[in-house]
Each structure stands twice: as C-alpha cells, then as structure tokens.
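Be aware that the sequence shown starts at 418, since it is given in our numbering, and climbs by one per residue.
Since the structure comes first, as structure tokens, the remarks are kept for the end.
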Amino acid sequence: MTLVGTVLSDLSTRKVGNGHHVASFWVRSHERRRDKETAEWVDGRQLTARVTCWRRLAESAGDSLVKGDPVIVFGRLYTREYTHDGQSKSLLEVEAYAIGPNLSRCGAVVRRKGRPEQPVPLWEENGEGEVSRALSPGEGMNAA
Numbered sequence: 418m419t420l421v422g423t424v425l426s427d428l429s430t431r432k433v434g435n436g437h438h439v440a441s442f443w444v445r446s447h448e449r450r451r452d453k454e455t456a457e458w459v460d461g462r463q464l465t466a467r468v469t470c471w472r473r474l475a476e477s478a479g480d481s482l483v484k485g486d487p488v489i490v491f492g493r494l495y496t497r498e499y500t501h502d503g504q505s506k507s508l509l510e511v512e513a514y515a516i517g518p519n520l521s522r523c524g525a526v527v528r529r530k531g532r533p534e535q536p537v538p539l540w541e542e543n544g545e546g547e548v549s550r551a552l553s554p555g556e557g558m559n560a561a
C-alpha cells in the first residue's frame with residue numbers, strides 16, 4: 418500500500434540483537450476537499466499509522482526525516498495487537514519497503530550512499546534561464 422502524508426513524530430532508531438538498524442515513526446494522511454458552501458479547503462477523513470523500516474532504509478530514514486516532513490511511504494499495512502495496562506489495543510502499522518519525500522510539497526536533493534556528496538545537475542541552462550538539454554547520467558561531473 419502507498420501512504421502519502423506527514424511525519425508526525427521524531428524518529429526512533431536503534432539496533433536490534435542481530436545488528437540490524439530499525440527505525441519507526443508516525444505518519445498522518447488526510448484528504449483535503451473543497452467545501453461546496455464556503456468554497457474553502459477543509460480537512461476530510463484521516464489515517465494515522467506507525468511506520469517501521471529496517472536495515473539500510475532505517476539508516477537513511479534516520480539521517481533524512483524529521484517531524485513535519487511530507488513523505489510517501491510504500492509498504493505492507495497490517496494491524497498490530499498489543500496489551501497496555503491490561504487492555505487489548507491495536508494500531509495500524511506499515512512495514513516500509515520504500516520511503517521518499519513528497520515532491521509536490523517540498524524539494525529534495527538526492528544523495529546516494531557510497532557516492533560523492535555533490536549532486537549532479539540534470540540539465541544545462543543557456544544563460545537566459547532556459548533549459549537547453551538534458552544531461553546523460555555521469556555527464557557534467559568534473560573529472561579529477
């Protein structure tokens with residue numbers, strides 16, 4: 418399933434017994450709709466879920482995400498059952514396979530693990546602010 422929303426909490430990151438990283442955080446998704454009577458945008462139905470991710474994704478999420486970030490989460494949705502103060506409870510949890518920024522609400526610079534930190538431009542400008550052509554992968558990097 419795909420969940421589009423906002424990070425609601427600080428990320429909790431830790432290493433588990435086998436040395437793998439795990440990160441978890443809360444995301445809220447809500448619909449926005451235009452009220453026919455007032456012609457204003459209002460919040461509609463919402464979904465709040467805990468997101469858990471593992472290994473490299475957990476490390477990257479911990480390094481990249483903060484409370485308030487707009488995100489797109491892809492993963493498996495399930496209900497987690499637990500007991501708190503003697504009462505049975507449940508929550509929605511997404512085991513994330515992929516997480517990314519929602520580029521309709523923010524900008525982002527991609528840094529690939531194990532590659533140079535300097536981003537590579539994807540186009541050239543002709544001096545008048547117009548894009549003259551797309552660059553091929555690897556083109557535009559300074560040779561050392």
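For glycine and all other residues, C-beta sits at the position ideal for the given N, C-alpha and C.
Since the structure is predicted, the reported quantities are computational estimates derived from the model, not experimental observations.
Other residues of its chain near residue i: CB distance less than 8 angstroms, five sequence neighbours each side excluded
i           : result
residue 506 : 498, 499, 500
Limits of the unbroken alpha helix (DSSP H) element including residue i
i           : result
residue 479 : 472-481
Residue i - containing beta strand (DSSP E), residue span
i           : result
residue 422 : 419-424
residue 494 : 487-501
DSSP three-state assignment for residue i, whether helix, strand or coil
i           : result
residue 428 : coil
residue 457 : coil
residue 507 : strand
residue 517 : strand
residue 525 : coil
residue 437 : coil
CB-CB length for residue i against residue j, believed under 8 angstroms
i           : j           : result
residue 488 : residue 424 : 6 angstroms
residue 478 : residue 516 : 6 angstroms
Best match in the options for proximity to residue i [C-alpha to C-alpha]
i           : options       : result
residue 510 : 469, 490, 486 : 469
residue 439 : 528, 513, 526 : 513
residue 466 : 482, 495, 519 : 495
Neighbourhood of residue i by C-beta, 7 angstroms cutoff - its chain only, sequence neighbours within 5 removed
i           : result
residue 446 : 420, 421, 422, 463, 464
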